[in-house]
Structures are given as structure tokens and as C-alpha cells.
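> Chains A and B, in that order, are what the protein sequence lines are. Note that our numbering gives residue 89 to position 89 of the first sequence, counting from 1, and the numbers run on in steps of one. Note that our numbering gives residue 41 to position 41 of the second sequence, counting from 1, and the numbers run on in steps of one. All C-beta atoms, glycine included, are put in the ideal place defined by N, C-alpha and C. Right, I'll just put the structure down here and ask away after.
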Amino acid sequence: MDFGKIIGRVVCTIKDPKLENIPLLIVQGCDHSGQPAGAQMIAADAIGVGAGEFVWYETSGEAPLAWEQRPPVDASIVGIVDNVRANAASAKEH
Amino acid sequence: MKLGRVIGNVEGVIKHPAYANTKLMVVQPVDEHLKPNGRTHPAIDTVGAGEGDLVLLVEEGKAAQDMLGMKRIPVRTLIVGIIDSVDVMARGNTGRSRVA
Chain A
1 MDFGKIIGRV VCTIKDPKLE NIPLLIVQGC DHSGQPAGAQ MIAADAIGVG
51 AGEFVWYETS GEAPLAWEQR PPVDASIVGI VDNVRANAAS AKEH
Chain B
1 MKLGRVIGNV EGVIKHPAYA NTKLMVVQPV DEHLKPNGRT HPAIDTVGAG
51 EGDLVLLVEE GKAAQDMLGM KRIPVRTLIV GIIDSVDVMA RGNTGRSRVA
């Protein structure tokens, strides 16, 4: 699971039927503070997200399980981040 | 599985039902010397981990389905343990040094 920012979307008419009416959004991977980290990708939107939203998404074999028809996707957006409380300093001390 | 440090938590109302009553934490992956190592990411806590805890992370759907008791869910990243201690062989010498 990773944080990401929605930076765009793609429209695709000729596609696998199981992808019908699933929005395909361009996501920039981020860390918890919204700093870009990691790749950009196309993620299937399972919850109805707008541009610019800060989200979390799940990848790999579990991504299609957000839909009954199990579309051929390997990343699905499963939550919109309202607030992150984090104290990065606690990552340093051990 | 991986080693990580919980550094906070995530709140979000609009989410897939599988995440409805879960506790989502922010985890900083750490290396064997417990130094930050990689990008922070969310993980569902199933063992009551709090900020500052060193935790055991699993990234697999079946484990998530068993732990959350739900079938067919888009979930695979879980905190399944709180680490008490870490013993690491110092590079280049056979002695063991306790790290945490």
C-alpha cells in the first residue's frame, strides 16, 4: 500500500470489458507528507476520486478485488487521505 | 515480511468498505540498523501498534483476508507484530550486537 497524488486521468474506449466504467487515473507515488516518491502509474479508481486528491492505493494481486468482476488492474485507489498525523522524528531514534 | 517503524496514523472517511473500521498507520521502513530505508507508506494495524513502535509488516492478501475476516478485499499491507528486540551480526565480525 502507498500514498499517491492524483495528477490526471486517461480515457480508454477499446479495452477489456471488465474495465468498463472504472475511472483510470494517473497517480504520482508519494510519501506520507505528499512529497513525490516512487513511480507514476495508472490506477483504477474504486471510490470516486477527484484530481489533486491525496490518496492511498493498493497494488498487486489484491488490487482487482475492489470489484466484483475482477478487472485486469494491478493498482486500485481505495482511500482518500483526510489527515496524516506523523512524527518523522520517531523514525530516527531507536 | 519487513521491519518498519510506526511514525503516525492516517485518517480518511471516503474509502473502500474493506478499510471501514481499520486503524491505518504511517510506517517508515527501516533497515537492520533501524535506520529509515525507503518511502513511508500506510499499513493496517492489527495488533495495537502505536507511534514509535518497531513493527513486523506483511504484504499479502490471504493474510489480510484472514486477519480482517473478510474475503475478496483490496488489502495486503498489515502490521502483524510489535518487535521487542533486534539482534544483528555486525558486518565483518562474528559477534552479535543488540540493536533495539
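Note the first and the last residue of the continuous alpha helix (DSSP H) segment covering K35 (chain B).
As a first step, residue 35 (chain B) is located in the second sequence; it is residue number 35 there, counting from the start. Careful: K35 (chain B) lies outside any alpha helix (DSSP H) and carries neither H nor E.
> Does DSSP put K15 (chain A) in a helix, a strand or coil?
The sequence position of residue 15 (chain A) within the first sequence is 15, counting from 1. Coil.
> My assumption, with CB atoms under 8 Å, is that E84 (chain A) sits in contact with G8 (chain B). Please give the rounded CB distance.
As a position in the first sequence, residue 84 (chain A) is number 84, starting the count at 1. As a position in the second sequence, residue 8 (chain B) is number 8, starting the count at 1. First, the amino acid is wrong: residue 84 (chain A) is Val here, not Glu. About 6 Å separates the two Cβ atoms, so the contact holds.
> Give the DSSP-derived three-state secondary structure of S60 (chain A) in the structure shown.
As a working mapping, residue 60 (chain A) is identified with position 60 in the first sequence. Here S60 (chain A) sits in helix by DSSP.
> Taking the alpha helix (DSSP H) that Q65 (chain B) falls in, what are its first and last residues?
Against the second sequence, residue 65 (chain B) aligns to sequence position 65. Taken as a continuous stretch (DSSP letters only), the alpha helix (DSSP H) holding Q65 (chain B) covers 61–68.
> Against chain B, which members of the stretch 63–81 of chain A pass a CB distance test of less than 7 Å?
Those would be A63, L65, A66, S76, V78, G79, I80, V81, in chain order.
> Below 7 Å between beta carbons: does that hold for E68 (chain A) and I6 (chain A)?
In the first sequence, the residue the question calls residue 68 (chain A) occupies position 68. In the first sequence, the residue the question calls residue 6 (chain A) occupies position 6. No, they are not a contact pair.
> Just grab the DSSP bridge partners of T77 (chain B) for me.
Taking the first residue of the second sequence as 1, we reach residue 77 (chain B) at position 77. Note: T77 (chain B) sits in a beta bridge opposite B:E59.
> Measure from the alpha carbon of Q40 (chain A) to the alpha carbon of each residue in A:A46, A:C30, A:G34, A:I47, then state which is nearest.
Reading the first sequence from its first residue, position 40 is the one you call residue 40 (chain A). If we check each option's Cα against that of Q40 (chain A), A:C30 comes out closest.
> Hey, how far is the Cα of G79 (chain A) from the Cα of R76 (chain B)?
Indexing the first sequence from 1 puts residue 79 (chain A) at position 79. Indexing the second sequence from 1 puts residue 76 (chain B) at position 76. Approximately 14 Å between the Cα atoms of the pair.
> Going along chain B, which residues have a C-beta under 7 Å from A51 (chain A)?
Taking the first residue of the first sequence as 1, we reach residue 51 (chain A) at position 51. Those do not exist, as A51 (chain A) stays about 15 Å from chain B at its closest Cβ, beyond 7 Å.
> Can you find a CB in chain B that lies within less than 7 Å of the CB of V84 (chain A)?
Position 84 of the first sequence holds residue 84 (chain A). Yes, V84 (chain A) lies at the interface with chain B (some Cβ there is under 7 Å from its Cβ).
> Taking all protein chains shown into account, do 16 or more other C-beta atoms lie within 10 angstroms of the C-beta of P17 (chain B), making it buried, or fewer, making it exposed?
Here residue 17 (chain B) is taken as the residue at index 17 of the second sequence, counted from 1. The residue is exposed, with fewer than 16 neighbouring Cβ atoms inside 10 Å.
> Could you name the residues of chain B that I7 (chain A) contacts, counting a contact when the two beta carbons are closer than 8 Å?
Here the question's residue 7 (chain A) lines up with position 7 in the first sequence. Going along chain B, no residue has its Cβ under 8 Å from I7 (chain A), so there is no contact; the nearest lies around 17 Å.
> Given D45 (chain B), which residues of its chain have a CB within under 6 Å of its CB, disregarding the five upstream and five downstream residues?
Mapped onto the second sequence, residue 45 (chain B) falls at position 45. Closer than 6 Å at Cβ, skipping near neighbours: K23, M25, I79.
> Please compile the residues from chain B whose C-beta is within a distance smaller than 7 Å of the C-beta of I47 (chain A).
For the purposes of this step, residue 47 (chain A) is taken as the residue at position 47 of the first sequence. In chain order: I14, K15, H16.
> Quick one: what does DSSP say P36 (chain A) is sitting in, helix, strand or coil?
Counting from 1 along the first sequence, the entry for residue 36 (chain A) is found at position 36. Correct three-state label for P36 (chain A): strand.
> Relative to the C-alpha of Q28 (chain B), which candidate in B:R91, B:T40, B:L54 has its C-alpha closest?
For the purposes of this step, residue 28 (chain B) is taken as residue 28 along the second sequence, with counting starting at 1. Cα-wise, what sits closest to Q28 (chain B) is B:T40.
> Could you compute how far the alpha carbon of D2 (chain A) sits from the alpha carbon of G4 (chain B)?
Sequence index remark: in the first sequence, residue 2 (chain A) carries index 2 (1-based). Sequence index remark: in the second sequence, residue 4 (chain B) carries index 4 (1-based). For D2 (chain A) and G4 (chain B), the distance between alpha carbons rounds to 14 Å.
> Alpha carbon to alpha carbon, how far is Y57 (chain A) from G12 (chain B)? Give it in angstroms, no decimals.
If you number the second sequence from 1, residue 12 (chain B) lands on position 12. If you number the first sequence from 1, residue 57 (chain A) lands on position 57. Their Cα atoms are separated by approximately 13 Å.
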